[in-house]
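*Asks:* Each residue of the sequence shown is one higher than the one before, counting from 1 in the UniProt record's numbering.
C-beta atoms are modelled at their ideal positions from N, C-alpha and C, and glycine is treated no differently.
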Amino acid sequence: MKKSLLNLLGPGLLFAGAAIGVSHLVQSTRAGADFGFGLLWALLLVHIIKYPFFQFGPRYATATGETLLDGYKRLGKGVLISYFILNLATMFTIQAAVTIVTASLASNLFGISLDLVAWSVLIMLVSIILLGIGKYKFLDNLMKYIIAILTISTIVAVNIALVKTDKGFSFQQIIPSGTAQVTFLIAFLGWMPAPLDISIWHSLWSVEKDKTTFIKIKPKQAIFDFNVGYIGALFLGVCFVMLGALVMYQSGESFSSKGTVFASQLINLYTKNLGEFSSVFIGVAAFTTMFSTTITTLDASPRAMEKSSFLLFPKTIKLGYWFWLVLLTLGTSIILYYFLSDMVFLVRIATVLSFLTAPFYAILNYILITGKHTPKKYRPNIGLRILSLIGIVFLFGFSIWFLLSL
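1. How about residue 52 and residue 391: are their beta carbons less than 8 Å apart?
2. Assuming contact is defined by CB atoms lying nearer than 8 Å, are residue 58 and residue 226 in contact in what I supplied?
3. Would you kindly work out how many angstroms separate the C-alpha atoms of residue 190 and residue 159, rounded to a whole number?
4. What is the rounded straight-line gap between the Cα of residue 411 and the Cα of residue 302?
5. Starting from the C-beta of residue 69, find all residues in its chain whose C-beta is less than 8 Å away, skip the five residues before and the five after it, and write them out in chain order.
6. Span of the alpha helix (DSSP H) holding residue 165?
7. Only counting the same chain, and skipping five residues up and downstream in sequence, which positions put a Cβ closer than 7 Å to that of residue 404?
8. Using the Cα positions of residue 44 and residue 329, report the straight-line distance between them to the nearest angstrom.
9. Taking only the alpha-carbon atoms, compute the straight-line gap between residue 179 and residue 98 and give it to the nearest angstrom.
10. Cα-Cα, which of 361, 377 and 372 is closest to residue 388?
11. Alpha carbon to alpha carbon, what distance is there between residue 192 and residue 46?
12. For the alpha helix (DSSP H) that residue 49 lies in, which residues bound it at each end?
13. Which class does residue 176 belong to by DSSP, given the choice of helix, strand or coil?
14. Buried or exposed: residue 247, going by 16 or more other Cβ atoms within 10 Å of its Cβ?
15. To the nearest angstrom, how far is it from the Cα of residue 283 to the Cα of residue 183?
16. Nearest CA to the CA of residue 380: which residue from 235, 219 and 230?
17. Consult DSSP for residue 299 and reduce its assignment to one of helix, strand or coil.
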């Protein structure tokens, strides 16, 4: 029974692997360091608001045997073209933001003073080799171990921080004001727990999962798998906010925008509480977490572009997975070469872009899962529909608030 349960888990943990990266290690920790526990409301709220739209990915895939991209085409070719253009415009920046954090942690962990662009290229090349050898099955198996390592190390660090802290606890919630604070909030929400287009990746992984197991995954099982990954991402998000709040809030310290300095500060969050002996263990945990995010996004974006280009141009243009993988690697390297000096700026650009595009994906996923292309028995109940509509209004409202605050 346990073995079959572990076999069913996969796409949900890949979701967690993609989500638990920059949004947690960087954004959540910064939220705690700058606002204490004051942004817990935003963390919890965005998980509730985004939940239906992420869940619709595996729900639709297991109900129909198709990916969300197939569904977008059913809604109209123009919809899929819009996705194709939007993804092409954002995937390089997203990959660059993820990779530069991974490179910074690698430089700190291994102590090899390579240029961060060189580290980034090396990490992407290693990822390409691993993807070529192992493909989906490799990612599926790897993620179970990485999530376990990160969860254990983070829980231990938070508990020791709670015991050792001499700070008073204030759970007063804060509404950010001013351009800088509002921009951070939008960036925080943009990738917390992840960009909404990961729902598309999840549907791709769900279809791929069916190809690698003899068990036909049912919608209820797929939603359970998703819930495990989603709740895990929420829990670790709270943990990283707590770490930032307990160790750095009102300490006079602030996170650097330089990648290698930030990586050192991040590791010190753990070692201050666990002791210096833990620095290698924590460094490995943080690096493997970000490496899993790097390799997951490096796999998912080309997979999505291959699928969408095939659906758009089935007889004329054949742009396969490896074409998009190489293009993504080259484009990411170019962006890093020109924007390397400010890691925080790069992360902020990527996260804000993700938040501003979230309403687009939310509306498409809702229309698809509640419409004629999804069998009636697999459509969401009235409660989930109401939450979805509230979520769409929320995402639009926050986007307009951000644009007006500039």
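*Replies:* From the atom records:
1. For the 8 Å CB-CB criterion, residue 52 and residue 391 form a contact.
2. Remark: C-beta atoms of residue 58 and residue 226 approach each other more closely than 8 Å.
3. Take the alpha-carbon of residue 190 and the one of residue 159: they are about 28 Å apart.
4. Residue 411 is absent from the model: the chain starts at 1 and stops at 406.
5. Result list for residue 69: 80, 83, 200, 203, 204, 304, 307, 308 and 311, in chain order.
6. Element bounds for residue 165: n/a, residue is neither H nor E.
7. Nothing listed; no residue qualifies.
8. Straight-line Cα distance between these residues: approximately 34 Å.
9. Going from the Cα of residue 179 to the Cα of residue 98 covers about 24 Å.
10. Per the C-alpha coordinates, the member of 361, 377 and 372 positioned closest to residue 388 is 361.
11. Their backbone Cα atoms lie some 7 Å apart in a straight line.
12. Where residue 49 is concerned, the enclosing alpha helix (DSSP H) stretches over 40 to 64.
13. Secondary structure at residue 176: coil, using DSSP grouped into helix, strand and coil.
14. Flag for residue 247 reads buried.
15. Cα atoms of residue 283 and residue 183: separation of roughly 29 Å, rounded to the nearest angstrom.
16. The closest CA to that of residue 380, considering only 235, 219 and 230, is found on 219.
17. In this structure, residue 299 counts as helix in the three-state DSSP scheme.
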